[in-house]
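The sequence shown begins at 71 in this note's numbering and counts up by one. Just so it is clear, CB atoms sit at the ideal spot from N, CA and C, and this is done for glycine as well. All figures in this text were calculated on a predicted structure; none of them were measured in a lab.
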Amino acid sequence: MHEMSLAIGVVEVIESEARKQGFARVERIVLEVGALACVDASALEFGFEAAGKGTKAEGAVLEILTPPGAAYCFACQKSVPISRKGDPCPDCGGYQLVVTGGEELKIKSLEVC
Ligand SMILES: [Zn+2]
């Protein structure tokens, strides 16, 4: 399960940051998960809760931001919104697109105490 391994990865980052920075607990963690990253937010939340048990991440509030999918269309020479990878340009129907947004998968901020 993709989301589970992702959640474990996030908890591992928290644990190693806790060792480095010496904080006791994470209050809030904000993740950026792009609309094109193929991640189910509720599965990720569930995985984070399960993976965080007994770690510094336990009890942390998980917030997931979802930047929308965006691509640059060479035919239209502009940025267009897309809802999934491989979609055609919504304006011209062409496939000369380069994804420019929505593939983010990162920890945006970590509030500790
Ligand atoms: Zn286009």
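| task | Would you mind giving the Cβ-Cβ distance between Cys162 and Cys146, rounded to the nearest angstrom? I have them listed as a contact below 8 angstroms. | result | That belief holds up - the Cβ atoms of Cys162 and Cys146 are roughly 5 angstroms apart, short of 8 angstroms.
| query | Taking the alpha helix (DSSP H) that Ser86 falls in, what are its first and last residues? | reply | Segment 72-91, the alpha helix (DSSP H) holding Ser86.
| task | Quickly, what does DSSP pair Pro151 with across the bridge? List them, please. | result | For Pro151, which the question treats as bridged, DSSP gives the partners Ala140.
| query | Any idea if Cys159 is buried or exposed, counting beta-carbon neighbours within 10 angstroms, 16 or more meaning buried? | reply | Classification for Cys159: buried.
| field | Where the beta strand (DSSP E) through Leu132 begins and ends | value | Annotation for Leu132: the continuous beta strand (DSSP E) segment containing it runs 131-135.
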